[in-house]
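All remarks here apply to the structure that follows.
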Amino acid sequence: MDAADRITLTGVRAFGYHGVYPDEKRDGQEFVVDATVFLPLRRAAETDDVVDTVHYGELAERIAAIVAGDPVDLLEKLAARIADDVLLDERIDAVTVTVHKPAAPIPVPFADVSVTITRTRS
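With the sequence shown counted from 1, adding 4 to any position gets you the numbering used here.
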């Protein structure tokens, strides 16, 4: 395996209804997801064919669909749900997912809040 090979998506935006408070589930808000998938890319580099890699457009659509899907309370759960889905692609050895909640109900000024998880194929 080429351990350093990776594809990174930064700033995938989708509207979802996640949070512990009733108004978050009722009103929803935008979430932002960064994902890095680790997989061998040597073959794709040799063939120059998209079938030999992970199509990052399709990956972005999958992530957005999960964010827009069934609500959860915690960002940790949402990040794990995304990571589990990404690892369904057997070509991927590991994934790091960061879920940002820029409009979180925090009573003091803040720039961002996020949760990052890494999952590996075991």
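The beta-carbon is built from N, C-alpha and C at its ideal position, and this holds for glycine as well.
Neighbour-count burial assignment, residue i, 16 or more Cβ in a 10 Å radius
i    : result
M5   : Confidence at M5 is low in this model, with a pLDDT of 48, below 50, so the placement of that residue should be treated as unreliable; the coordinate-derived value is given next. With fewer than 16 other Cβ atoms within 10 Å, it is exposed.
A8   : exposed
A49  : exposed
E28  : buried
V71  : buried
G20  : buried
A83  : buried
G23  : buried
V112 : exposed
I110 : exposed
T51  : exposed
T124 : exposed
A39  : buried
Limits of the beta strand (DSSP E) - the one that residue i falls within
i   : result
L13 : 10-20
E34 : 33-42
Distance between beta carbons of residue j and residue i, contact taken as under 8 Å
i   : j   : result
I11 : V37 : Not really, about 14 Å apart at Cβ, beyond 8 Å.
R66 : D89 : 6 Å
Three-state secondary structure (DSSP) of residue i
i    : result
A98  : strand
V24  : coil
V90  : helix
V76  : coil
V103 : strand
V58  : coil
Extent of the continuous alpha helix (DSSP H) to which residue i belongs
i  : result
R4 : Only positions 5 to 126 of the chain appear in this structure, which leaves residue 4 out of reach.
Residue-level contact to chain D via CB, residue i, 8 Å cutoff
i   : result
G23 : No chain D appears in the structure shown, which is made up of a single protein chain.
Taking 8 Å as the cut-off, does the region 91-99 touch the region 109-119 (at least 3 CB pairs, one atom from each stretch)?
no
* Per the contact definition of three or more C-beta pairs closer than 8 Å, is the region 75-89 in contact with the region 56-64? -> no
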